[in-house]
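One structure is given below, encoded as structure tokens.
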Amino acid sequence: MSEFDLVIFDCDGVLIDSEIISARMLVAELLRLGLAIDLAYVERHFLGRSYPVVMETIRREFGLDLPPEFEAQYRESLLAAFRTELKVVPHVHDVLTGIGAPFCVATSSSPRRVEMSLKLVGLSDLVGDRVFTSTMVARGKPAPDLFLFAAEQMGAAPGRTLVIEDSLTGIRAGLAAGMTVWRFTGGSHLGPDAPAEPEDARPHRRLASFAEFFQIAPGLKSARLKA
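For the sequence shown, the residue numbers in the numbering used here are -19 to 207.
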């Protein structure tokens, strides 16, 4: 028997190796406006956050009001890069086809972006309509709202839910929701040498590769695979 009734996967940086592409594109688009930031800054302050939060942070920290057309330009540039560069994270397909518990996706990405991303890497049919975005709740991550909403919709108690996240923002959200949180460090933007998490974003464990998923949680493996 598994200790979990539901597994919630973040999307960017967990199921798809997209965060390094997103960060690179954001740095390039901001540079066009004269704002120079590096990838490390993006990782620390923007990873796992919705666009409105990113926009407000830039306004507060740099005194820059992004023009109305910036969001559309950034999103179109990003999606164009996704079409040629986006890849599924190794072993994710094996996990999603082999998992014996209900699962869903909860992401800060826009509905259009997550739909396109999952389709590009061939995960749409596996995930189906079990996708929840920050547009569905009042507060995005690091508030617990999105994870709590996803668990409620999936009929699972928070204490019986496992969250797989890569960002500190997402880890904080999962912990605030009272869920078990594993930090996935196998994306190209992090790696196994990612620095230790701060005290308020300490996951229950790290997951360096999805090849280890069922070794760590054998109870989550589908019964047909155990036979």
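Just so it is clear, CB atoms sit at the ideal spot from N, CA and C, and this is done for glycine as well.
Beta-carbon proximity check, residue i vs residue j, cutoff 7 Å
i       : j       : result
Met134  : Pro82   : yes
Ile1    : Ala61   : yes
Val72   : Phe190  : yes
Phe129  : Ala157  : no
Ser181  : Arg140  : Per the sequence shown, the amino acid found at residue 181 is Ala instead of Ser. No, the pair does not count as a contact, with Cβ atoms beyond the cut-off.
Ile67   : Asp(-3) : Here the sequence assigns Lys to residue 67, which means Ile is not the residue at that position. Going by C-beta atoms, Lys67 is nearer than 7 Å to Asp(-3).
Ile38   : Leu200  : no
Phe122  : Thr160  : Per the sequence shown, the amino acid found at residue 122 is Pro instead of Phe. Taking 7 Å as the Cβ cut-off, Pro122 and Thr160 do not qualify as a contacting pair.
Ala188  : Gly166  : yes
Glu(-1) : Tyr54   : no
Val75   : Leu(-5) : no
Leu58   : Met5    : yes
Pro124  : Ala131  : no
Ala3    : Val22   : yes
DSSP beta-bridge partners of residue i
i       : result
Glu145  : Arg163
Arg185  : Trp162
Ile(-4) : Asp(-8) and Val68
Leu208  : No information on residue 208 is available, as it lies outside the stretch -19 to 207 that the chain covers here.
Status (buried if at least 16 other CB within 10 Å, exposed otherwise) for residue i
i      : result
Arg24  : exposed
Glu36  : exposed
Leu11  : exposed
Arg163 : buried
Ser30  : buried
Ala118 : exposed
Ala20  : exposed
Arg93  : buried
Ser97  : buried
Arg179 : Checking the sequence shown, residue 179 turns out to be Glu, not Arg. Under this definition Glu179 is an exposed residue.
Pro175 : exposed
Ala16  : exposed
Ala197 : buried
Gly120 : buried
Gly154 : buried
Which residue spans inside the segment 72 to 121 form an unbroken alpha helix (DSSP H) run of at least 4?
Whole alpha helix (DSSP H) segments, 4+ residues: 72 to 78, 91 to 100 and 104 to 107.
Would the segment 111 to 121 count as touching the segment 87 to 98 if we require 3 or more Cβ pairs under 8 Å?
Taking a cut-off of 8 Å on C-beta distances, the segment 111 to 121 touches the segment 87 to 98, as three or more cross pairs fall below it.
Given 8 Å, three or more beta-carbon pairs between the segment -17 to -4 and the segment 140 to 155
With a cut-off of 8 Å, the segment 140 to 155 and the segment -17 to -4 count as touching, because enough Cβ pairs lie within range.
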